[in-house]
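Enquirer:
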Amino acid sequence: MPRYFDAHSHLNFKQYGADRDDVIARMQDEGVWTITVGTDTVTSREAVALAEGHEHLFATVGVHPTDWESGFDADVFRIFAKNKKVVAVGECGLDYYRLKTGDQRQKTGQEELFESQIQLALEQDLPLMVHARPSAGTMDAYNDVVDTLTSYFNTHTSKLRGNVHFFVGDTDIAAKFLDMGFTLSFDGPITFTREYDEVVRYVPLDMLLAETDAPFAAPEPYRGKRNEPVYVKEIVRAIANIRKEDEEEVRRTLVENTLRVFHITL
Ligand SMILES: [Zn+2]
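Numbering (this note's numbering), first residue to last: 1146 to 1411.
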């Protein structure tokens, strides 16, 4: 049984080129497992290779919405998805953070890319690792992701499933995902801003996951440094503190949740 499960990280990224084995060894020492997330064809292939080489690593395969112009070769990703260590399709979704207003071509491109991956996930009976990043001060990308998922949920019900990664939405948005059975995962920012406390308290404990999104968004006390999966401990501690719940119980429940959502059997 893992002690901690970092539900979303990128050990496949170049930031670990010099010391990836050390980072993985630290995880092994501390009983930290992770899902290595692919964001394009190359990093998806690397995520699968890493997962195949390490018992405590799993992989997702997919194309990030900001890579919408690269398209999606369903045949290639179908082969990836059939690997036993692949536990989800993604990260996929909609990212409006840097989208210029009126860039309809990009919006349509992102939407098509997202739907191709929803279809692959349904076909392969895998959950989705959803990425949604709204433009500043809005919930726009969340609203569109909810609309898209709802249209598939209406036909496929619980066959459509997954986790919404790096959740920074409000409680209304959270409720919409929870209604479709999607879990929500939280990251480093909950350790240094009180902006997300309300939503962290709102989500039922059995629908909540912890993740680092390493190498990005390191939690306190590592803020500004390269993040790594062992720092997931800080996120788990923050969740317990914000919710005023027992840290040991939160730790154990979050591990169980991750195993359940991604159908990982020990
Ligand atoms: Zn990510």
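Even for Gly, the Cβ is constructed at its ideal location relative to N, Cα and C.
Could you say which of Val-1313, Val-1206, Arg-1148 and Gln-1255 lies nearest to Lys-1154 if we only look at CA atoms?
Expert: As a first step, residue 1154 must be located in the sequence shown, where it is residue number 9. According to the sequence displayed, residue 1154 carries Ser and not Lys. Distance check between Ser-1154 and each of Val-1313, Val-1206, Arg-1148 and Gln-1255 places Val-1206 closest, using alpha-carbon atoms only.
Enquirer: Whether or not the stretch 1265-1273 and the stretch 1215-1233 are in contact is what I'm after, with contact meaning three or more pairs of Cβ atoms, one per stretch, closer than 8 angstroms; do they touch?
Expert: yes
Enquirer: Give me the DSSP bridge partner(s) of Leu-1273.
Expert: Translated into positions along the sequence shown, residue 1273 becomes position 128. DSSP lists Val-1234 and Gly-1307 as partners of Leu-1273.
Enquirer: Would you mind stating whether Phe-1407 and Val-1232 have Cβ atoms separated by less than 9 angstroms?
Expert: As a working mapping, residue 1407 is identified with position 262 in the sequence shown. As a working mapping, residue 1232 is identified with position 87 in the sequence shown. It is a contact, given that the beta carbons lie within the stated cut-off.
Enquirer: Compute every distance between the C-beta of Thr-1184 and the non-hydrogen atoms of ligand 1, then say whether any falls below 8 angstroms.
Expert: To locate residue 1184, count along the sequence shown from 1; it is residue 39. Yes, the beta carbon of Thr-1184 sits closer than 8 angstroms to at least one heavy atom of ligand 1.
Enquirer: Please determine, among Arg-1171, Arg-1396 and Ile-1169, the residue with the shortest C-alpha to C-alpha distance to Leu-1353.
Expert: Taking the first residue of the sequence shown as 1, we reach residue 1353 at position 208. Per the Cα distances, Arg-1396.
Enquirer: If you drop the 5 nearest sequence neighbours on each side, which residues of the same chain put their C-beta closer than 6 angstroms to that of Ala-1286?
Expert: The residue given as residue 1286 occupies position 141 in the sequence shown. Only Leu-1239, Tyr-1241, Ala-1277, Arg-1278 and Pro-1279 meet the Cβ criterion.
Enquirer: Would you tell me roughly how many angstroms separate the C-alpha atoms of Ser-1215 and His-1310, rounded to the nearest one?
Expert: Position 70 of the sequence shown, counted from the first residue, corresponds to residue 1215. Position 165 of the sequence shown, counted from the first residue, corresponds to residue 1310. Rounded to the nearest angstrom, the two C-alpha atoms are 22 angstroms apart.
Enquirer: State the Cα-Cα distance for the pair Tyr-1297 and Phe-1322, rounded to the nearest angstrom.
Expert: As a working note, residue 1297 is residue 152 in the sequence shown. As a working note, residue 1322 is residue 177 in the sequence shown. Rounded to whole angstroms, the gap between the alpha carbons of Tyr-1297 and Phe-1322 is 13 angstroms.
Enquirer: Kindly examine ligand 1 and report whether one of its heavy atoms sits closer than 8 angstroms to the Cβ of Glu-1200.
Expert: Here the question's residue 1200 lines up with position 55 in the sequence shown. Not so, every heavy atom of ligand 1 lies at least 8 angstroms from the Cβ.
Enquirer: Between Arg-1339, Asp-1351 and Glu-1390, which has its C-alpha nearest Glu-1365's C-alpha?
Expert: Sequence index remark: in the sequence shown, residue 1365 carries index 220 (1-based). Among Arg-1339, Asp-1351 and Glu-1390, the Cα nearest to that of Glu-1365 is on Arg-1339.
Enquirer: Quick one: give me the first and last residue of the beta strand (DSSP E) that Val-1177 is part of.
Expert: As a first step, residue 1177 must be located in the sequence shown, where it is residue number 32. Residues 1177-1182.
Enquirer: Buried or exposed: where does Asn-1299 fall if 16 or more other Cβ atoms within 10 Å of its Cβ makes it buried?
Expert: What you label residue 1299 is simply residue 154 of the sequence shown in a count that begins at 1. Around the beta carbon of Asn-1299, a 10 Å sphere encloses fewer than 16 other beta carbons of the protein chains shown; the residue is thus reported as exposed.
Enquirer: How do the stretch 1243-1262 and the stretch 1301-1317 stand: do at least 3 beta-carbon pairs fall below 8 angstroms, yes or no?
Expert: no
Enquirer: Pop quiz: Met-1284 and Ile-1335 are said to be a contact at Cβ under 8 angstroms. What is the actual Cβ separation, rounded to whole angstroms?
Expert: Residue numbering aside, residue 1284 sits at position 139 when the sequence shown is read from its first letter. Residue numbering aside, residue 1335 sits at position 190 when the sequence shown is read from its first letter. Actually they do not touch by this definition, with Cβ atoms about 18 angstroms apart.
Enquirer: Whose CA, out of Gln-1173, Asp-1218 and Glu-1175, lies closest to the CA of Ser-1189?
Expert: Here the question's residue 1189 lines up with position 44 in the sequence shown. Residue Asp-1218 is the option with its Cα nearest to Ser-1189.
Enquirer: Between which two residues does the alpha helix (DSSP H) harbouring His-1301 extend?
Expert: Along the sequence shown, read from residue 1 onward, the residue named residue 1301 stands at position 156. Counting along the chain, the alpha helix (DSSP H) containing His-1301 begins and ends at 1285-1301.
Enquirer: So which of Ala-1194, His-1209, Lys-1304 and Arg-1388 has the shortest CA-CA distance to Phe-1203?
Expert: Within the sequence shown, residue 1203 is the residue found at index 58, counting from 1. Taking only the C-alpha atoms, the option nearest Phe-1203 is Ala-1194.
Enquirer: Could you check the C-alpha separation between Ser-1261 and Gln-1251 for me, to the nearest Å?
Expert: The sequence position of residue 1261 within the sequence shown is 116, counting from 1. The sequence position of residue 1251 within the sequence shown is 106, counting from 1. If I take the Cα positions, the gap works out to 15 angstroms.
Enquirer: Let's see if you can read the secondary structure: which residues bound the alpha helix (DSSP H) around Val-1348?
Expert: For the purposes of this step, residue 1348 is taken as the residue at position 203 of the sequence shown. First-last for Val-1348: undefined, no H or E at that position.
Enquirer: When burial is assigned at 16 or more other CB atoms within 10 Å of the CB, is Thr-1253 buried or exposed?
Expert: Along the sequence shown, one-based indexing puts residue 1253 at 108. By the neighbour-count rule (16 or more Cβ atoms within 10 Å), Thr-1253 is not buried but exposed.
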